[in-house]
Structures are given as structure tokens and as C-alpha cells.
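Comments concern the structure below.
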Amino acid sequence: MNIPSAGGQGVYVGGEGTGAAARQQPGVVELIDQLRDEFEAVAQEIKAYRGLRDEFQRKAEEQISEMTTLESALLQMEQKHQLMKEQYESEISRLKKQLMGGQGALPGAGQVAGRDEPVAALPGLASRAAAQGTYGGQLGAGFPSAQTGNTPATKRHRGAMPTDLKPATSTTASTLGNPIGNIVGAAATAAAAAAGKEEPNEVQGPEKFSGTNLMGNVTSDQGVGRTNNSDNDYVVYQGMNSNGTLLNMNVKLQNSFVHDSVVCCVRYSYSGQYLATGSNKCAQIFDAATGAKIATFARDEGADQQYNDTQQDSFIRAVCFSPDGKWLITGSEDRLVRVWDVRTRTVKHKLTGHETDIYSVDASSDNKFIASGSGDKTAKLWDLKTGQLLHTLGGGDRAPTDGVTSVTVSPTSLHVAAGSLDKIVRVWEVETGRLVRSFEGHRDSVYSVAFSPDCRMLLSGSLDKTLKLWDLAASNPSNQCRLSFTGHKDFVLSVAFSPNGRWLISGSKDRTVQFWDPRQPSMCLMLQGHKNSVISIDHSPKGNALATGSGDKHARTWIYTN
Numbered sequence: 001m002n003i004p005s006a007g008g009q010g011v012y013v014g015g016e017g018t019g020a021a022a023r024q025q026p027g028v029v030e031l032i033d034q035l036r037d038e039f040e041a042v043a044q045e046i047k048a049y050r051g052l053r054d055e056f057q058r059k060a061e062e063q064i065s066e067m068t069t070l071e072s073a074l075l076q077m078e079q080k081h082q083l084m085k086e087q088y089e090s091e092i093s094r095l096k097k098q099l100m101g102g103q104g105a106l107p108g109a110g111q112v113a114g115r116d117e118p119v120a121a122l123p124g125l126a127s128r129a130a131a132q133g134t135y136g137g138q139l140g141a142g143f144p145s146a147q148t149g150n151t152p153a154t155k156r157h158r159g160a161m162p163t164d165l166k167p168a169t170s171t172t173a174s175t176l177g178n179p180i181g182n183i184v185g186a187a188a189t190a191a192a193a194a195a196g197k198e199e200p201n202e203v204q205g206p207e208k209f210s211g212t213n214l215m216g217n218v219t220s221d222q223g224v225g226r227t228n229n230s231d232n233d234y235v236v237y238q239g240m241n242s243n244g245t246l247l248n249m250n251v252k253l254q255n256s257f258v259h260d261s262v263v264c265c266v267r268y269s270y271s272g273q274y275l276a277t278g279s280n281k282c283a284q285i286f287d288a289a290t291g292a293k294i295a296t297f298a299r300d301e302g303a304d305q306q307y308n309d310t311q312q313d314s315f316i317r318a319v320c321f322s323p324d325g326k327w328l329i330t331g332s333e334d335r336l337v338r339v340w341d342v343r344t345r346t347v348k349h350k351l352t353g354h355e356t357d358i359y360s361v362d363a364s365s366d367n368k369f370i371a372s373g374s375g376d377k378t379a380k381l382w383d384l385k386t387g388q389l390l391h392t393l394g395g396g397d398r399a400p401t402d403g404v405t406s407v408t409v410s411p412t413s414l415h416v417a418a419g420s421l422d423k424i425v426r427v428w429e430v431e432t433g434r435l436v437r438s439f440e441g442h443r444d445s446v447y448s449v450a451f452s453p454d455c456r457m458l459l460s461g462s463l464d465k466t467l468k469l470w471d472l473a474a475s476n477p478s479n480q481c482r483l484s485f486t487g488h489k490d491f492v493l494s495v496a497f498s499p500n501g502r503w504l505i506s507g508s509k510d511r512t513v514q515f516w517d518p519r520q521p522s523m524c525l526m527l528q529g530h531k532n533s534v535i536s537i538d539h540s541p542k543g544n545a546l547a548t549g550s551g552d553k554h555a556r557t558w559i560y561t562n
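Mapping the sequence shown onto the UniProt record's numbering, position 76 (from 1) lands on 76, and the numbers just tick up by one.
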């Protein structure tokens, strides 16, 4: 606007500029409000983060406290274990002196008077023989621990034996030519000298040491339920359930099958009615319930002279039934897998291709193929109908670098798992022969593997004295080992699942069979029913029946009830 001046000239007053400033003022206020809101939001976030930090710090302190408590408990357990060990050794020494003063020397842990027997060499154990001690260090008197044949338990076979089989009237012996070599040579003399001695009625060993806890994970005598059946030569120790209560399982000896040599393997038919065993020069089938011998499979009329040379030992390391019950598959030290006709007791197929001893065989539940594992570092798949080789599993960078000791086919027949002397458990896809999983964690050779009934887990037993449960569904390698089970005093030679998945079962060179709950790492039950290594175990597909094969020349079947 113009205002007249004294000289008549108008003077301009900037009213328009003042209006512009007024118009800009609300925008500045809005910016200040936004900044204030953002500041308050940031302050709230800082407060929340501080709360999270405090919560994490509190949890960390709690976990540190728990770790300290666990370390203290572990130290106490180690001290208690050392004390128990010293008491155990003191008791052993006292009893040895007592027996030496009264009735002669005490047999070693693997030696029972009158039971000296040369046994088949376990793969990879020859070099360990010299380092073995007395308790659990011998598989038999007068020879190193490397002489026990072993075919680990694998999955169950679907099929039943023909119903028209008649008990065998005689045993036809044959030889599967075999060089056990110098390992057994010294034992043969001791065995001959021991022949004819009276066999003791009671197990000589740890069960004699009263007041000593042999349960491993059971930490007090009050926690041990013990059943001693000296008439039947076995002892049962009860452990703890997952809920902390004492397990109350009744175990009874059903049958005891006497053999002329070490029992290397035991396997049930799918019906659970029949039991097959493998030993020196022959495989046999028994009625699992009555104990009657049904058939003997020994002389292969088409074999070469070395196989039929009766002057040589040759152990049947592995046996299994075909799912339909028509065939018995055997693997032996002559490098052959044989498919026997159960009715005629003749060989249908001789499967050649392995370069060293056969340690394990298994048949697929779909009745289509056989899996075999050998000391030649391979597993092979064979067509059951034609005998044709389908796949050789073992090749490439991730192949076994040592002998394959155990093979098992999954219940779905889609995968084959194998344990090896190289300490690794591997899983292959059947259709392609492609290696799909590899489990590392054992500190020594893996001797036995078994699939869980639902195919989600894989169980392995090792010379490191442990069992491990592997998660086949885990995508993270760090989560593959679900649990490690420690309690055996010596090599774990055979493992199995119960058909309902409730129990993991293991047989060991420490002469015991142990039951484990897959939900907890502590042992639930220990059965001591053999005088030598428990080389092979198998659970019946029907009911609560278990078979064991041992270096004491006996196969046994057991019935257990909760």
C-alpha cells in the first residue's frame, strides 16, 4: 500500500511480504511436529530394544547358571564313576585271589571253562587283538578278540516260511572254503584241549560281583532291579524309564539252539515263526517257538572244491529270508551270495562280483532285490528273481574307503543304508544308486545299521562302544545325530529296532544285550545271557521276541513283557 509522505510522494509498505511469511509459518510447525513424533518413535524403539537386551541378558545368565550346575553334576558323576570303577576292580581282584586259592584260576571275561572256541574273524579287528585287556577283551580263551563273526541285525523281512516244511533228520555239513589264517590257528589247539570239559551252569562274569553297579547310567544300587536266573544261565538288570521310575520288564529265555561253532548271525522270518542262523559251514532254520530244527543249508553241489573242502572252516556271516518266505539268502567268506530254495534246499542263484568276504545281506520288502555288503568297500544290489547285478554302491569321492560291514534296506524299499569300517554311515537311493546322505560322528568303525519302522530314523552301532540315532529328515547337518547312547563296556556289534519303534536294542562284545528308549540316552535294561560276545541280534516282526547269536556257540530266543 502507498502512504503519502510529507513531500507528497507515496511510500510503499511491504504488506505482501508479511503475508508470505505468515503463510510459511504453518509448514515449519508441521515439520517440528513430525520431528517430535519421529523422535518419540525412536525413543520407544530404543526402550523396547533395551527391554529385549535385558531379557536376553537375563536368559544368558540363567543358562550360564544352568551350565555351571551341569558341570558340577558331571564332575560329581565322573567322581562317582571312578569310585565305582575302583570298587569293581577291587572286587574282581578279590574274587580272582579267592578262586585261585580255592579252585584254580578264574576264567577271563571272555573265557568260560570248557568253552574255548575258535571263531570267525570280525572285519577290521585283527590289528586290535594284541591291545585287548581281560574283561571284554577276549572273545574266547587262548585267542585274540578278532575272531568273532558278525552279521549285524537289519530290518525285518516280510514273508513267512512254507507251511509244508518238515524237520530235518540229519545235518549235511559242507565247507565254504575259508582262510581264517593265523588269527584262529592258536585257538584251535586250545579248543581241542578244552573239548569234553563240563560246562558251568552259571555265567562267569560281572553278575557275580554283588554290590557293584554294572548299569552304566544307573548311578546307585537302589536304582537297579536285578533278576538272577542261574538255572537258565542269564541275568537281567532293570534300568530307569524316561519318567524316572524303575523299569519293570520281564525277560524270559524261550529257546536255546546249540551249534557246533560260533553263531555269526540270526534272522527271523516275517511271520516270526522261523529263525535262521549262520555258523561255520552251514545255515540252519529253526522253529522259533518250539526250537525244532526245520532245515540245514550246507553243501552247495555246484560249488568249487575249495568251497566243499571239509578240512577248511568257512563261516556264514549273513542270512536273511526273502519277503515271500521262498528263499534263504546267505553271505559267506567265499565271496558269494547264495539264494537257496527253502523247500528243496538247493541253490537257485550264486551271486558273484564281490572281491572279499560277504559281511551282510538284506532283502527288500517288495521282494524285488537283495543288498549285500563286503570287505571290498562296496555294497551291491541284485535282482532277486534273475540274480542280475543292478547297482554297485561305492564309487566317487564320497564312497566307502574301507570294508562295508552292514547293509539294510528301508521298509519302503527306496533306500539302502550301510555301515563301514571308515566310521561313516551312508544312505543310497535304490533307483539311481546315488548317495543321498552321509552321517559322520562315530569315532571308530560302524558295525551295524538299522532303519526305524517309519523310515525317519537310522540307528548305528560302532566299535566306539556307542549307538547313534540319526535323523533322516533333518536338513541341517548339525541336527542329524538325534541322540548318542553310551553304556556298553565294549564294541557294539549289532543293533535293531522293535517293530513298534518303542525300543532300540543292541548286542555287544561285552556279552550283554541292552534296551534303550529312543527318547533318552540312558539304558533301560541289560540282559546278560551269553558267555561270549553277542555278535548278532534280531527282533521278531511279530510280538515281543528277540533272537541273539553268540561266540559261545548258542543262538537264543527271548520273550519280554512290560
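Idealized CB from N, CA, C, for every residue including glycine.
Keep in mind it's a predicted model, so treat the numbers as computed, not measured.
With DSSP as the reference, identify every bridge partner of residue i, one or two as the case may be.
i, result
"residue 544", "Looking at the DSSP assignment, residue 544 forms no beta bridge with any residue, so it has no partner."
"residue 516", "504 and 523"
"residue 474", "DSSP output for residue 474 lists no bridge partner at all."
"residue 450", "459"
"residue 361", "372"
"residue 404", "420"
"residue 380", "372 and 392"
"residue 255", "557"
State the DSSP-derived secondary structure class of residue i, mapped to helix, strand or coil.
i, result
"residue 287", "strand"
"residue 526", "strand"
"residue 463", "coil"
"residue 354", "coil"
"residue 348", "strand"
"residue 247", "coil"
"residue 81", "helix"
"residue 267", "strand"
"residue 282", "coil"
"residue 491", "coil"
"residue 333", "coil"
"residue 551", "coil"
"residue 531", "coil"
"residue 38", "helix"
"residue 98", "helix"
"residue 275", "strand"
"residue 556", "strand"
"residue 68", "helix"
Do you know how far the Cα of residue j is from the Cα of residue i?
i, j, result
"residue 445", "residue 467", "12 Å"
"residue 59", "residue 53", "10 Å"
"residue 399", "residue 92", "45 Å"
"residue 527", "residue 513", "5 Å"
"residue 30", "residue 67", "55 Å"
"residue 350", "residue 331", "10 Å"
"residue 622", "residue 333", "Because the chain here runs from 1 to 562, residue 622 falls outside it and cannot be looked at."
"residue 545", "residue 464", "27 Å"
"residue 496", "residue 516", "11 Å"
"residue 64", "residue 75", "16 Å"
"residue 523", "residue 503", "10 Å"
"residue 245", "residue 366", "41 Å"
"residue 402", "residue 51", "56 Å"
Please classify residue i: is it buried, with 16 or more other beta-carbons within 10 angstroms of its beta-carbon, or exposed?
i, result
"residue 541", "buried"
"residue 258", "exposed"
"residue 45", "exposed"
"residue 28", "exposed"
"residue 615", "For the chain, the structure presents residues 1 to 562; residue 615 sits outside this window and is missing."
"residue 206", "At residue 206 the pLDDT is 30, less than 50, meaning the model places this residue with poor confidence and gives no usable figure here."
"residue 242", "exposed"
"residue 326", "buried"
"residue 397", "exposed"
"residue 417", "buried"
"residue 255", "buried"
"residue 543", "exposed"
Shorter than 8 Å from the beta carbon of residue i to some beta carbon of chain D?
i, result
"residue 460", "Although the question refers to chain D, the structure presented lacks it and comprises just one protein chain."
Out of the options, point me to the one whose CA is closest to residue i's CA.
i, options, result
"residue 424", "409, 404 and 412", "404"
"residue 519", "550, 481, 551 and 539", "481"
"residue 534", "500, 393 and 509", "509"
"residue 420", "442, 412, 469 and 245", "442"
"residue 449", "267, 457, 368 and 461", "461"
"residue 457", "483, 344 and 331", "483"
"residue 233", "453, 279 and 556", "556"
"residue 394", "435, 95 and 80", "435"
"residue 531", "262, 506 and 237", "262"
"residue 378", "357, 363 and 365", "357"
"residue 282", "275, 299 and 268", "299"
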